[in-house]
Amino acid sequence: MQPTPPAPGRRENMGQSAPRYEARAKVTGKPLYATDTPVAAPAYAVFVTSGIAKGRITKIDSAAARAVPGVIEIFTHENAPKRTALKHFAKGGYVSDSALPLGGPEILHDGQVVAMVVADSFEAAREAAYRIQIAYKAAKPSATFGSAGAETIALATASPRYKDKKAGDFDTGWSKAPVKIDAEYATPTQHHNPIELFSTTAVWNGDEVTIYEPTQFVYSTKYCVAEGLGIDPAKVRVINPFVGGAFGSKGMTQRTALVAGAARAVGRPVKLVVTRDQGFTVATYRAETRHHVRLGAARDGKLVAYGHEGWEVTSRYDDYSVSGTESSTEIYACPNIWTRVSKVKVDRNTPGFMRSPPEVPYMYALESAIDELAAALKMDPIELRRINDTMKSPVNGAPYTSRSLMKCFDEAAASFGWSKRDPAPMAMREGDWQVGYGCASAVYPTYMMAATARIRLGSDGKALVQVAAHDVGTGAYTAMQQIAAERLRLPLAAITVEMGDSSLPPGPVAGGSMTTASAGSAIHFACEKIAKRFGGAMPEGKALAAAFARLGVASVEDYAEYSPPGGGPEAVKALYKGQMGGAQGDPNEIKPLMFAMGANFVEVRVHRLTREIRVPRMTGAFAGGRIVNPRTARSQYLGGMIWGMSSALLEFTEIDEKRARYVNDNIADYLVSVNADIPKVDIIMVPEVDTKVNPLGVKGIGELANVGMPAAIANAVYHATGKRIRDLPITLDKLI
Ligand code: MOS
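When you line the sequence shown up against my numbering, it's residues 8 to 743, in that order.
(1) In this structure, how does DSSP classify His-199 when only helix, strand and coil are distinguished?
(2) In or out: Leu-739 buried (at least 16 other Cβ within 10 Å) or exposed?
(3) Near Asp-214, what residues of its chain come up, given a Cβ to Cβ distance below 6 angstroms and the 5 sequence neighbours on each side ignored?
(4) Rounding to the nearest angstrom, what Cα-Cα distance links Ala-727 and Ser-375 in this structure?
(5) If we call anything under 7 angstroms between Cβ atoms a contact, is Tyr-40 one with Gly-251?
(6) Considering Arg-168, what are the terminal residues of the beta strand (DSSP E) in which it resides?
(7) Taking 7 angstroms as the threshold (beta carbon to beta carbon), is Thr-408 in contact with chain B?
(8) Would the C-beta of Arg-293 count as close to ligand 1, meaning under 6 angstroms from any of its heavy atoms?
(9) Who are Arg-612's beta bridge partners in DSSP?
(10) Indicate whether the contact test is met: 3 or more Cβ pairs, each with one atom in the stretch 259 to 267 and one in the stretch 178 to 198, closer than 8 angstroms.
(11) Helix, strand or coil, according to DSSP, for Gly-651 in the structure here?
(12) Is Gly-331 a contact residue of ligand 1, with contact defined as CB to any heavy atom under 6 angstroms?
(13) Let me know the secondary structure DSSP gives Tyr-143 once reduced to three states.
(14) Residues in the same chain with beta-carbon distance under 8 angstroms from Lys-94, minus the five sequence neighbours each way, listed in chain order, please.
(15) Taking Cβ to Cβ, would you say Leu-499 is nearer than 7 angstroms to Ala-25?
(16) Quick one: what's got a C-beta closer than 8 angstroms to Ala-486's C-beta in the same chain, skipping five residues either side?
(17) For Val-329, collect the residues of the same chain with a Cβ closer than 6 angstroms to its Cβ; drop the 5 residues on either side in sequence, then sort them by chain order.
(18) What are the partner residues of His-299, as DSSP defines its beta bridges?
(19) Go through its chain and collect everything with a Cβ distance to Arg-436's Cβ below 7 angstroms, but skip five positions before and after it.
(20) Taking its Cβ as the centre, do 16 or more other Cβ atoms sit within 10 Å of Gln-9, making it buried, or is it exposed?
(21) Which residue wins for smallest C-alpha separation from Lys-536, given the options Pro-430, Ala-372, Leu-464, Gly-286?
(22) Rounding to the nearest angstrom, what Cα-Cα distance links Thr-288 and Glu-493 in this structure?
(23) So, Arg-27 versus Ala-71, is the Cβ gap smaller than 7 angstroms?
(24) Could you give the distance in angstroms between the alpha-carbon of Val-679 and the alpha-carbon of Gly-651?
(25) Indicate, with yes or no, if ligand 1 has a heavy atom lying under 6 angstroms from the CB of Phe-602.
(26) Could you please give the first and the last residue of the uninterrupted beta strand (DSSP E) stretch that includes Ala-667?
(27) Nearest-angstrom Cα distance between Tyr-407 and Asn-713?
(28) Given Leu-657, which residues of its chain have a CB within under 7 angstroms of its CB, disregarding the five upstream and five downstream residues?
(29) Which whole-angstrom value is the C-beta distance of Ala-718 and Met-370, which I expect to be below 8 angstroms?
Below, the structure written as C-alpha cells:
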C-alpha cells in the first residue's frame, strides 16, 4: 500500500480533508469495543451450535458439563429464558434471522444455537460447552442450488407487492437483435468476517438492562430486546460507540434477547463472545446467486433488449432477497427489458446484507455481459457504455438527479492508460505473464433514512452533537463533526460528537451507505435552528460570546428531524421504534433516480504456465455528489476496491453439499487479500453537484467502490487469457 498522498488541489464540491475525529483516541487505545467494556463481576457465556443442518434434538445430556467447576447454568431449549419470537425485518420485525435461538428442539440449519453455557470464567464455560452431549434425529438437508428439496419461488409470486422490472417488449426486441449475448453467471456464498467478533454483554440494574453489543443500529437492538423479553423499551439501553467492522453483518441480531434473558435469570451480567466459526451461522452472509443474462444490440452498439433472470439462496423460513435487477435495469438505455428474480429456499441460516448486497452479484453479471457484447461488436467497452448512457430511467422515464458515469470512465481511463490497451485477447504479454486490462461500472443507489439530532452550543464556542448513528470504521464521527463545524462556523476541535447509544436521539442504521446523508441532514437542520436564534447567520469568535451575552443564556440547544422524500412524520416515528423502512410513499409514484456511480479499472497478470493471477494496479474514479471529507472518502473507496478484488479472486465459503455445512469457517481457510496482494490503487474523486438528493447534496459512497471490481477483473482476465470466467471467484484452476 502506498502512503496517503499529499492533498491534491481541492476539486469542486469537496470538503476539507480532515483527519479522523477518533484517530488519536484509537491509536492510544481509548475507545472500547463492546465486549471490552468493563462490567462488574460478569459471568461468561459460550454457545454450543448444532452439528447437523436439519432434524431434531432427541436428547441433551449436560451432566458432565454441569460438573465443571464454575458452571452457573446451562441453557437449552428445555429451560431457555422465555422470549417472543421476532419477525424477520423483511416483515417489519427486528431480526435478520427469525429462528429463535433455543426456541425448540427443531434444527433448521447447521450451526444453530442449541445450548448456552454460563460460567464464572470463559474457560469453564468453554470446557463445559465441549462436554455437552447432544443426540439428534437427522434428516437430509438441502444445501444450495440444485440440491434435492431446494424450493424455487419467484419473488413476484411470493410477495404481491414485489414487481419484476419490465419495459417495452423484450421477446420481440431480443428476436430481432442482430448481435446477442446469452450467458449464465454465478456468484458464491461469502461471509463478512469483520475483525471484531460478534458479542453481547447484558447488565441488569433492577428492571433496567444495558446492552453492549456491536451493532449497526442501536435503536433496532433496543427493540429487539424489549420485544423479545416483553419489557418496556424505555428500560433497555444499547451502547456501542465504536464498531470493529460490520459490512452488513451487524445490522440486525437474534441473540441479544437470549443473553439479556440469561443475565436476568442468573442474576449476573453476562458476556457472550461468538467464536469465529460460530459467526458463520449465528449471523448473516452473502448468499450465492445465479444469473441468466441476455443482451441484444444493434450493430452500432445500441441496446435493444436486456433480459436478466436471477436466483438467490435464502433460508427455508425467511424471505431475504436482494433483487439487484432493481438497480441493474436503470443503468443503460434500453427499450425492451425483462427481468425475473426467484429465491431458492434451502436448509441454511438466513442470508443478509453484505456491502452492496444487490449490486455486487447483479452488476457482476451485467458488466461481464456488457464486456462480452463489446467483444462481439468489436467495440471498445467504454464506448459501448457511452452509446448506452442515459439521463433517464429505461424502465419508467424518471430523470436522474445527476449522473457522472461517463465522466468517471473518462477520468479513470486517462489515468489508467486505457489507450495503451491492444483490444485483442492475449495480445499483451510481459515475459511469462499474460497481461489484461478490464473495466466495469460501479453503481449504488442513494438511500436516506429518517434521522434526528440534538445540538447544544455553549457561549464558550463549544458544541455537542448527538445522534444515535454509528461509525462502523467509515469515518462517520468525522463527517458529523465537519457538517456541524461548517454550519456553526466553529473549528473542528470545538465539536464533540456522540453516537452509538440508544439514549441519544435516533439515527439511521449504518447501512445502505446512508449515514452521512441522513444523520448529516438532521444535523444540518439542527444547525439551522441554532443559527436562527442568532438571527440566521452564525456569529463567529468574539461575536458569538457577545451574541450569547445579548441572549442572556450560557448555552442553546436544538433538536431537529430529517425525513427522506416520501417519508414524512411516519418515517421518524418508525425510526424511534428502531424500524428501517418507515413510510416509503406511493410505490407507483415515479421518483427521480438517485445513484452514485464510478468506474473500476484493473490490470491483471496471469502466469503463462502456473496460471497464477496477480493484480498489479487498479484505478477507480467515483462521483458521489458532495464529498464531505475527501480523506475518509478515499479510504472508503480504497477499502471498497481492495475488497472487491479480494471478493473476485479469493473469497468464497465452501459448502459441504451433503450436510449443508460451511467448510472453511475460519479466516485461515476463508481467504481474504493480504498486504502482499494489494497493488497500487489510484482513487479519483470526480466532482459532482447534486442539489436534489438531500439538503447536503451527499450521495452514499461506502458501498460504491467494490461493485464493479468482480466484473472488471473477470473482463481483464478474459483480455489476458481469452477465457471468460462466468462464476466467481476467479481461481487459477478455472484458467487451466
Ligand atoms: Mo450495508 S451491507 O447496507 O450494512
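Glycine included, each C-beta is placed from N, C-alpha and C at the ideal position.
The relevant details are as follows:
(1) Mapped onto the sequence shown, residue 199 falls at position 192. Here His-199 carries a coil assignment [DSSP, helix/strand/coil].
(2) Looking up residue 739 in the sequence shown gives position 732. When all chains shown are included, Leu-739 counts as exposed.
(3) Taking the sequence shown and counting its residues from 1, the one referred to as residue 214 is at position 207. Closer than 6 angstroms at Cβ, skipping near neighbours: Lys-242.
(4) On the sequence shown, position 720 is the one that residue 727 refers to. On the sequence shown, position 368 is the one that residue 375 refers to. In a straight line, the C-alpha of Ala-727 is about 15 angstroms away from that of Ser-375.
(5) Position 33 of the sequence shown holds residue 40. Position 244 of the sequence shown holds residue 251. In this structure, Gly-251 lies closer than 7 angstroms to Tyr-40 by Cβ.
(6) The residue given as residue 168 occupies position 161 in the sequence shown. DSSP places Arg-168 in no beta strand (DSSP E); its state is neither H nor E.
(7) Given the protein chain composition of this structure (a single chain), no chain B is represented.
(8) Numbered from its first residue, the sequence shown carries residue 293 at position 286. No, ligand 1 has no heavy atom inside 6 angstroms of this Cβ.
(9) As a working note, residue 612 is residue 605 in the sequence shown. In the DSSP output, where bridge partners are listed per residue, Arg-612 has Val-442, Arg-621.
(10) At 8 angstroms Cβ cutoff, the stretches do not touch.
(11) Within the sequence shown, the letter at position 644 stands for residue 651. Collapsing the DSSP output to three states places Gly-651 in a helix.
(12) Here residue 331 corresponds to residue number 324 of the sequence shown, with the count starting at 1. If you check the C-beta of Gly-331 against ligand 1, you find no heavy atom less than 6 angstroms away.
(13) Taking the sequence shown and counting its residues from 1, one reaches residue 143 at position 136. DSSP places Tyr-143 within a strand segment (E or B) once states are collapsed to three.
(14) Along the sequence shown, read from residue 1 onward, the residue named residue 94 stands at position 87. Take Lys-94, set aside five residues on each side of it, and the residues of its chain with a beta-carbon closer than 8 angstroms to its own are Gly-100, Tyr-101, Val-102, Ser-105, in chain order.
(15) Your numbering for residue 499 matches position 492 in the sequence shown. Your numbering for residue 25 matches position 18 in the sequence shown. Cβ distance < 7 angstroms, so Leu-499 and Ala-25 count as in contact.
(16) By one-based count along the sequence shown, residue 486 stands at place 479. By the criterion of a C-beta distance shorter than 8 angstroms, Ala-486 is surrounded in its chain by Thr-522, Thr-523, Gly-527, Val-635, Asn-636, Thr-639, once the five residues flanking it on both sides are discounted.
(17) What you label residue 329 is simply residue 322 of the sequence shown in a count that begins at 1. Cβ-Cβ distances below 6 angstroms link Val-329 to Pro-364, Pro-365 in the same chain, with the five nearest sequence neighbours on each side left out; the list follows chain order.
(18) As a first step, residue 299 is located in the sequence shown; it is residue number 292 there, counting from the start. Its beta-bridge partners are Glu-191, Glu-316.
(19) Walking along the sequence shown from the start, residue 436 turns up at place 429. For Arg-436, where only same-chain residues beyond five positions count, the Cβ hits under 7 angstroms are Val-442.
(20) Here residue 9 refers to the residue found at position 2 of the sequence shown. The predicted position of Gln-9 is uncertain, since its pLDDT is 45 and thus under 50; a value taken from the coordinates is nonetheless stated next. Flag for Gln-9 reads exposed.
(21) As a first step, residue 536 must be located in the sequence shown, where it is residue number 529. Ranked by Cα distance from Lys-536, the first of Pro-430, Ala-372, Leu-464, Gly-286 is Leu-464.
(22) Sequence index remark: in the sequence shown, residue 288 carries index 281 (1-based). Sequence index remark: in the sequence shown, residue 493 carries index 486 (1-based). A direct Cα-to-Cα measurement between Thr-288 and Glu-493 gives close to 44 angstroms.
(23) One-based indexing of the sequence shown puts residue 27 at position 20. One-based indexing of the sequence shown puts residue 71 at position 64. It is not a contact, given that the beta carbons lie outside the stated cut-off.
(24) Locating residue 679 in the sequence shown gives position 672, counting from the first residue. Locating residue 651 in the sequence shown gives position 644, counting from the first residue. For Val-679 and Gly-651, the distance between alpha carbons rounds to 10 angstroms.
(25) Numbered from 1 along the sequence shown, position 595 holds the residue referred to as residue 602. Checking the Cβ of Phe-602 against ligand 1 gives no.
(26) Within the sequence shown, residue 667 is the residue found at index 660, counting from 1. No beta strand (DSSP E) holds Ala-667; DSSP gives it neither H nor E.
(27) Within the sequence shown, residue 407 is the residue found at index 400, counting from 1. Within the sequence shown, residue 713 is the residue found at index 706, counting from 1. Cα-Cα distance, rounded: 22 angstroms.
(28) Here residue 657 is taken as the residue at index 650 of the sequence shown, counted from 1. By the criterion of a C-beta distance shorter than 7 angstroms, Leu-657 is surrounded in its chain by Leu-678, Val-679, Ser-680, Pro-736, once the five residues flanking it on both sides are discounted.
(29) Here residue 718 refers to the residue found at position 711 when the sequence shown is read from its first residue. Here residue 370 refers to the residue found at position 363 when the sequence shown is read from its first residue. About 7 angstroms; that satisfies the 8 angstroms criterion.
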